[in-house]
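Residue numbers in the sequence shown follow the working numbering, run continuously in steps of one, and reach 1265 at the last position. We put the CB at the ideal spot given by N, CA and C, even for glycine. Below is one structure; the comments refer to it alone.
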Amino acid sequence: MSESPIARVELLRKSFRGPSRGLGRGHAELRAVDGVTLDVKPGETLGLVGESGCGKSTLGRLFLRLQEPTSGRIYFDGKDITGLTQSALRPFRAEMQIIFQDPYSSLNPRMTVEATLGEALRVHGLARSASEERERIAALLARVGLRPEQMRRYPHEFSGGQRQRIGIARALAVEPRFIVADEPVSALDVSIQAQIVNLLGDLQVELGLSFLFIAHDLHVVEHVSRRVAVMYLGRVVELAESAQIYERPRHPYTEALLSAAPEPDPRAHKKRMLLEGDVPSPLDPPPGCTFHPRCPIAEKGLCDREVPALRTIGPGHEVACHLAR
Ligand code: SF4
């Protein structure tokens, strides 16, 4: 793919200070995002997958400059937005939106849906009169599968799935081109998850949106992602077209994530690779390949010493593993 990306991060790092786990006092550096280069193409959904605490939500917020990077560059539509002041960022804000995991805590419980969506429209000057504002809100609700008359209700009067639809409508209100969907279905019942994933897929096609779709379950992003990036302890360890990731994962961690996910087809017999142990603390990451204490094929003297670089092993397929071929 040679299209210019709509959103891109280059060698991005985000560190926090955390209490040292070693003897003595002091603070250690927690590298939540550790040198990530990634881009999202126009009209693409890029799935970003990994266990809790791997840095994927932090990376999503960095894409939108909702958090400041420690180093590296952030581009939107070819423009370097890394050092822009908040006022210089304003024109970009409407073009880049976020959908949160927990729609309930991200909606003001004291505001009706009409007030919430109306506020988003007014902040960006997208409605010239009260009647135009109402019309736009009604159209937004219809677009996400809610009834226009529901605009007078409060968040607690909706189910979890409906609240996520309101969160999506709020993101769409300002006519964005790029949306970070941060675990948008993790808090929902399994029966509702597919509806929301399908809705996002439909909106992408209808509106030509680009998504960074964050999830901890590889199967959630399988049908909506053109490409998938897998993260482990702040780094991208595998990046490929969806079909390559699901049919022939090359990184042992991706293989383990696929093994751990419930198999949608009960007749399929797949080889299980179980992940041993917990994710190591990012305050004290293992030397070499940070996955080596859990990796079933780790080679002593290599994997515990040398950090594997992300390298190309096929068209559009990158892997950070010494032994991947
Ligand atoms: Fe496993 Fe070594 Fe590859 Fe890391 S570099 S994933 S430890 S084989």
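Beta-carbon proximity of His1257 to Pro1248, cut-off 8 Å: What you label residue 1257 is simply residue 317 of the sequence shown in a count that begins at 1. What you label residue 1248 is simply residue 308 of the sequence shown in a count that begins at 1. For His1257 and Pro1248, no; Cβs fall outside 8 Å.
Quickly, what does DSSP pair Met1091 with across the bridge? List them, please. For this step, residue 1091 is matched to residue 151 along the sequence shown. None; Met1091 has no bridge partner.
Cα separation between Ser1126 and Ile1108? Here residue 1126 corresponds to residue number 186 of the sequence shown, with the count starting at 1. Here residue 1108 corresponds to residue number 168 of the sequence shown, with the count starting at 1. Ser1126 and Ile1108: Cα-Cα distance of roughly 15 Å.
Nearest CA to the CA of Asp1244: which residue from Gly1228, Gly1254, Cys1235 and Thr1252? By one-based count along the sequence shown, residue 1244 stands at place 304. Looking at the Cα atoms, Gly1228 is the closest of the given residues.
Could you tell me the distance, in whole angstroms, from the CA atom of Ala1238 to the CA atom of Phe1231? For the purposes of this step, residue 1238 is taken as residue 298 along the sequence shown, with counting starting at 1. For the purposes of this step, residue 1231 is taken as residue 291 along the sequence shown, with counting starting at 1. C-alpha separation (whole angstroms): 9 Å.
Can you say whether His1209 is buried or exposed, counting buried as having 16 or more other CB atoms within 10 angstroms of its CB? Residue 1209 sits at position 269 when you count from the first residue of the sequence shown. Because the pLDDT of His1209 is 49, which lies under 50, any placement of that residue in the model is unreliable, and the question is left without a value.
Using only the heavy atoms of ligand 1, determine whether one of them is closer than 7 Å to the beta carbon of Leu1250. For the purposes of this step, residue 1250 is taken as residue 310 along the sequence shown, with counting starting at 1. No, since every heavy atom of ligand 1 falls outside the 7 Å radius drawn around the Cβ of Leu1250.
Taking Gly1235 as the reference, give the member of Pro1222, Tyr1193 and Lys1019 with the closest Cα. Taking the first residue of the sequence shown as position 1, residue 1235 is located at position 295. Sequence check: residue 1235 is Cys here, not Gly. The shortest Cα separation from Cys1235 among Pro1222, Tyr1193 and Lys1019 belongs to Tyr1193.
Please list, in chain order, all residues of the same chain as Arg1068 whose beta carbon is under 7 Å from its beta carbon, the five residues on each side excluded. On the sequence shown, position 128 is the one that residue 1068 refers to. Once the five neighbours on either side are set aside, Arg1068 has no close Cβ partner at all.
Check Ile946 in the structure and name its three-state DSSP category. The residue labelled residue 946 in the question sits at position 6 within the sequence shown. Three-state result, Ile946: coil.
Using the beta carbon as the reference atom, which residues fall closer than 7 Å to any heavy atom of ligand 1, ordered along the chain? His1191, Pro1192, Tyr1193, Cys1229, Phe1231, His1232, Cys1235, Ile1237, Ala1238, Glu1239, Leu1242, Cys1243, Pro1248, Cys1261, His1262, Leu1263 and Ala1264
With H, G and I counted as helix, E and B as strand and the rest as coil, what does DSSP make of His1191? One-based indexing of the sequence shown puts residue 1191 at position 251. DSSP places His1191 in coil when its eight states are reduced to three.
Which runs of the beta strand (DSSP E), 3 residues or longer, sit entirely within the region 1107-1134? 1118-1122
Output the distance between the C-alpha atoms of Gly1101 and Phe1003, rounded to the nearest integer angstrom. In the sequence shown, residue 1101 corresponds to position 161, counting from 1. In the sequence shown, residue 1003 corresponds to position 63, counting from 1. Whole-angstrom Cα-Cα distance: 26 Å.
Rounded separation between Ser1182 and Ala1070 - CA only: Start at 1 with the first residue of the sequence shown, and residue 1182 comes out as number 242. Start at 1 with the first residue of the sequence shown, and residue 1070 comes out as number 130. For Ser1182 and Ala1070, the distance between alpha carbons rounds to 44 Å.
Name the two residues that bound the continuous beta strand (DSSP E) containing Gly1217. Along the sequence shown, read from residue 1 onward, the residue named residue 1217 stands at position 277. Element bounds for Gly1217: n/a, residue is neither H nor E.
Backbone CA spacing between Lys996 and Asp1129 [nearest angstrom]: The residue labelled residue 996 in the question sits at position 56 within the sequence shown. The residue labelled residue 1129 in the question sits at position 189 within the sequence shown. Straight-line Cα distance between these residues: approximately 22 Å.
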